[in-house]
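Visitor:
In my numbering, the protein residues as written are 264 to 545.
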């Protein structure tokens, strides 16, 4: 169990956590979250809490919640079931409901079971909707979360095949949400069952290629952000310097008539005309 890739990445991610860290694991009871929670238990991660969100979108959702809690209990992990007060109308509302439930758990670390296949679907959806470079960053293996928590995705670089192999190896039978197989139920399903298989015929290593795209986008976005911050700091500094020069120049020139140096300093201290230093700094 300690030599398979899934166990290895979970151990690597949890190695830097403190012994008293409390971890909330998004636990639908599906394949990805089952593999993640089981591997975290096997890795000896303490302070685990499964959080199952019942969206109330299907008549059998309450039964699924009970089954998920039973699975977690079999591995010695308490599971908190949160039923949304209002059934979400779309994927965005469902995701927001899950994130709110995980934030309410009050744990320092929130672990999610997103995989490389989820990254592919996310990037394709964003591209189809006209995203920019920030959107091409995709999901991150680590990012700041609500209320000072850290969101971690230990399985983000693993394909779904690795998840299923882990479950088979350990005899784990996950829950199956029938809506995941319905391409008319959500845009993500349409991408998963239509676009992704077609693109895999073009490139069988699609997940690796999309992962590389996301990594390059993060590097470029970070570089652009750093450059913009430096440029802004330079403009603000130049504006402040010009303003100080104007204050000193005024009295020595007697206020400065048109065309004199004292009058050149003026625009930087006021609103600044188009193309003048004062307007750039503003």
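For each residue, glycine too, the CB sits at the ideal point set by N, CA and C.
#1: Output yes or no for whether 7 Å exceeds the beta carbon distance between residue 371 and residue 285.
#2: In chain order, which continuous runs of the alpha helix (DSSP H) of length 4 or greater are located wholly inside the stretch 322 to 393?
#3: So the candidates are 330, 301, 328 and 395; which of them puts its Cα closest to the Cα of residue 426?
#4: By how many angstroms is the C-alpha of residue 360 removed from the C-alpha of residue 347?
#5: Across which residues does DSSP place residue 405 in a beta bridge pair?
#6: Determine, using beta carbons only, whether residue 313 and residue 437 come nearer to each other than 7 Å.
#7: Check whether the Cβ of residue 382 lies closer than 7 Å to any Cβ atom in chain C.
#8: Go ahead and label residue 463 buried or exposed: buried means 16 or more other beta carbons lie within 10 angstroms of its beta carbon, across all protein chains shown.
#9: Indicate the three-state DSSP secondary structure (helix, strand or coil) for residue 318 in the structure shown.
#10: Ordered along the chain, which non-local residues of its own chain (more than five positions away) have a Cβ less than 6 Å from that of residue 214?
#11: Could you give the C-beta distance for residue 354 and residue 449, rounded to a whole number, given that I count them as a contact under 8 Å?
#12: Would you call residue 400 buried or exposed, if buried means 16 or more other Cβ atoms sit within 10 Å of its Cβ?
#13: Counting C-beta neighbours from all protein chains within 10 Å, is the total for residue 334 16 or more, i.e. buried, or is it exposed?
#14: In terms of DSSP beta bridges, what is residue 473 paired with?
#15: In whole angstroms, give me the CA-to-CA distance for residue 457 and residue 356.
#16: Determine the DSSP secondary structure at residue 312, reduced to helix, strand or coil.
#17: Let me check understanding here. Comparing Cα to Cα, which of 482, 304 and 296 lies closest to residue 440?
#18: Do you know whose CA, among 386, 488 and 288, lies nearest residue 471's CA?
Guide: Checking against the coordinates, here is how it stands:
#1: Closer than 7 Å, so yes.
#2: 324 to 337, 354 to 367 and 379 to 391
#3: Ranked by Cα distance from residue 426, the first of 330, 301, 328 and 395 is 301.
#4: Roughly 7 Å separates the two Cα atoms.
#5: 415
#6: No, the Cβ-Cβ distance between residue 313 and residue 437 is not below 7 Å.
#7: The structure shown contains no chain C, having only a single protein chain.
#8: Label assigned to residue 463: exposed.
#9: coil
#10: Past the boundaries of the shown model lies residue 214; the chain is included only from 264 to 545, so the question cannot be answered.
#11: 5 Å
#12: buried
#13: Answer is buried; the Cβ neighbour count reaches 16.
#14: Paired residue(s): none; residue 473 is not in a bridge.
#15: 24 Å
#16: Of the three classes helix, strand and coil, the one that applies to residue 312 here is strand, per DSSP.
#17: 296
#18: 386
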